[in-house]
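Below is one structure, written out as structure tokens; the observations come after it.
2 protein chains.
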Amino acid sequence: METIGQILRNKRQTLGLLLRQVSAYVDIDQAILSKIERNERKPTKEMLDKLAEILKLDKDELLIQFISDKIAYEIVDEDCASKVLKVAEKKIKYLKSHPIQN
Amino acid sequence: METIGQILRNKRQTLGLLLRQVSAYVDIDQAILSKIERNERKPTKEMLDKLAEILKLDKDELLIQFISDKIAYEIVDEDCASKVLKVAEKKIKYLKSHPIQN
DNA sequence: TTGTTACTTGACAATAAGTGTCAAATATAG
DNA sequence: CTATATTTGACACTTATTGTCAAGTAACAA
Chain A
1 METIGQILRN KRQTLGLLLR QVSAYVDIDQ AILSKIERNE RKPTKEMLDK LAEILKLDKD
61 ELLIQFISDK IAYEIVDEDC ASKVLKVAEK KIKYLKSHPI QN
Chain B
1001 METIGQILRN KRQTLGLLLR QVSAYVDIDQ AILSKIERNE RKPTKEMLDK LAEILKLDKD
1061 ELLIQFISDK IAYEIVDEDC ASKVLKVAEK KIKYLKSHPI QN
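Residue numbers (the working numbering), protein chains in the order written: chain A, 1 to 102; chain B, 1001 to 1102.
Now the structure itself:
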């Protein structure tokens, strides 16, 4: 089970790219990319898109990993975590089928 | 499908309690409670516990509603929302079975 | 009308959280 | 040792979130 940071780092190294090269393409400081790869900072969606491009990763898949990472860390310490996910799913379905309100 | 705010407001009114009374018990400004009930602000866990007490709601159930609300609103706009939840669940199971790292 | 009660709203300051930049500190390899 | 790659931490800056407060609306009674 890889974190988003691990995915990015692994793929970058597989492709033989340097932090400097990738960060230049994404147009961020390489310190930031270093932190993203170690899950110390979170990428924005723009960064994710650019990263997916240069690292030849599937954009949607990367986004899914990113968001699910965030959620997982948000609730992993709750002992009701799996119940939370079930209820959240119901709420989302409800919200999607009742698009106007709020 | 009720939001956390609706749950709190409904139960308070059922019990015939005033914002003033409940907010005094929870030890917060009644403006804050008003906003919580309209989902304009999020309660802390301490507030939730106190609210569950005075409103005779199940503490764990309330927490689940609270967190799932947060998550639902976080990802409802993603069209990959349900995939996200599935991946998140896997990640949580993984994290719980590998407790030491990070 | 006038007054009272319950609730809502918005402005405000204080605090916390997140951001990018940079230079110095560590590796890692040649 | 030297050079290159990466990490770290301090810093200033912006953005979010917070509690407090006073003024606002709305409903109703006197």
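We put the CB at the ideal spot given by N, CA and C, even for glycine.
* Residues within the stretch 1043 to 1067 of chain B neighbouring chain A, beta-carbon criterion of under 8 Å -> Asp-1060, Leu-1063, Ile-1064, Gln-1065 and Ile-1067
* Should A/Gln-65 go down as buried or exposed, given a rule of 16 or more other Cβ atoms within 10 Å for buried? -> buried
* Asked: Does the Cβ of B/Ser-972 have 16 or more other Cβ atoms within 10 Å, making it buried, or fewer, making it exposed?
  -> Here chain B comprises residues numbered 1001 to 1102, so residue 972 of chain B is not present and cannot be evaluated.
* Tell me, to the nearest whole angstrom, how far the beta carbon of B/Leu-1063 is from that of B/Leu-1008; I am working on the premise that it is less than 8 Å. => The pair is not a contact, with the Cβ atoms about 13 Å apart (cut-off 8 Å).
* Asked: When the Cβ atoms of the stretch 33 to 53 of chain A are set against those of the stretch 2 to 16 of chain A, are three or more pairs found closer than 8 Å?
  -> yes
* To do: List the whole-angstrom C-beta distance separating A/Ser-68 from B/Val-1087, where the pair is believed to meet the contact cut-off of C-beta under 8 Å.
  => 4 Å
* Asked: Nearest-angstrom Cα distance between A/Ala-31 and B/Asp-1027?
  -> 44 Å
* Asked: Does the beta carbon of B/Leu-1095 sit closer than 9 Å to a beta carbon anywhere in chain A?
  -> yes
* State the DSSP-derived secondary structure class of B/Thr-1044, mapped to helix, strand or coil. => coil
* **Beta-carbon separation (whole angstroms), A/Ala-72 vs B/Leu-1095, contact threshold 8 Å** => 6 Å
* **Run of the alpha helix (DSSP H) containing B/Leu-1063, from where it starts to where it stops** => 1059 to 1075
* Since B/Val-1084 meets chain A, which of its residues come closer than 8 Å, beta carbon to beta carbon? -> Ile-64, Ile-67, Ser-68 and Ile-71
* To do: For A/Ile-7, return the contacting residues in chain B, with the cut-off set at a CB-CB distance below 9 Å.
  => In chain order: nothing, as chain B lies at least about 12 Å away.
* Asked: What does B/Lys-1090 touch in chain A if you count any residue whose Cβ is under 9 Å from its own?
  -> Met-1, Ser-68 and Ala-72
* To do: Can you give me the Cβ contacts of B/Asn-1010 inside the same chain, cut-off strictly under 8 Å, excluding the 5 residues immediately before and after it?
  => Glu-1002
* Who are the near neighbours of A/Arg-12 in its chain, counting only those whose CB is closer than 7 Å to its CB and skipping five residues on each side? -> Val-22 and Leu-55
* **A/Ile-100 versus A/Leu-19 - alpha carbon distance** => Residue placement at A/Ile-100 is flagged as unreliable, the pLDDT there being 45, under the threshold of 50; a coordinate-derived value is accordingly withheld.
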